[in-house]
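Chemist:
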Amino acid sequence: MSIDRSLKIKGALTRHRNVPTRAERIEQLKEEERWSEGDSVLGLPKVAHRKSHAGRKAKAAEVKETVTEEATGTETPESEEKGKS
274 MSIDRSLKIK
284 GALTRHRNVP
294 TRAERIEQLK
304 EEERWSEGDS
314 VLGLPKVAHR
324 KSHAGRKAKA
334 AEVKETVTEE
344 ATGTETPESE
354 EKGKS
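Residue numbers (this note's numbering): 274 to 358.
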């Protein structure tokens, strides 16, 4: 019997999952301060598990700002500070 194609690739199973594991749910509840060490691990409350793209928008805005500066030949105060350090 052969191995399924999705299992051959090293990072094939690292994609977004809709259902977090119990450990992930407890970790998120701790971050939201809704969990204490004495609580039962059974019957955990639901937690919102959203896929995020936090880095994409910031990076795109930075690239757009750089392109605008190059086109106009001016620098913003933020970019001047980056250039000095």
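Glycine included, C-beta positions come from ideal geometry on N, C-alpha and C.
Rounding to the nearest angstrom, what Cα-Cα distance links Glu304 and Gly311 in this structure?
Modeler: Their Cα atoms are separated by approximately 16 Å.
Chemist: Look up Ile299 in the DSSP assignment and say whether it is helix, strand or coil.
Modeler: Note: Ile299 maps to helix in three-state DSSP.
Chemist: Which class does Val294 belong to by DSSP, given the choice of helix, strand or coil?
Modeler: In the sequence as displayed, the identity of residue 294 is Thr instead of Val. Three-state result, Thr294: coil.
Chemist: Indicate the three-state DSSP secondary structure (helix, strand or coil) for Leu280 in the structure shown.
Modeler: Of the three classes helix, strand and coil, the one that applies to Leu280 here is helix, per DSSP.
Chemist: Taking the alpha-carbon of Asn291 as reference, which of Ala321, Leu317 and Thr339 has the nearest alpha-carbon?
Modeler: It is Ala321.
Chemist: With H, G and I counted as helix, E and B as strand and the rest as coil, what does DSSP make of Val314?
Modeler: Correct three-state label for Val314: coil.
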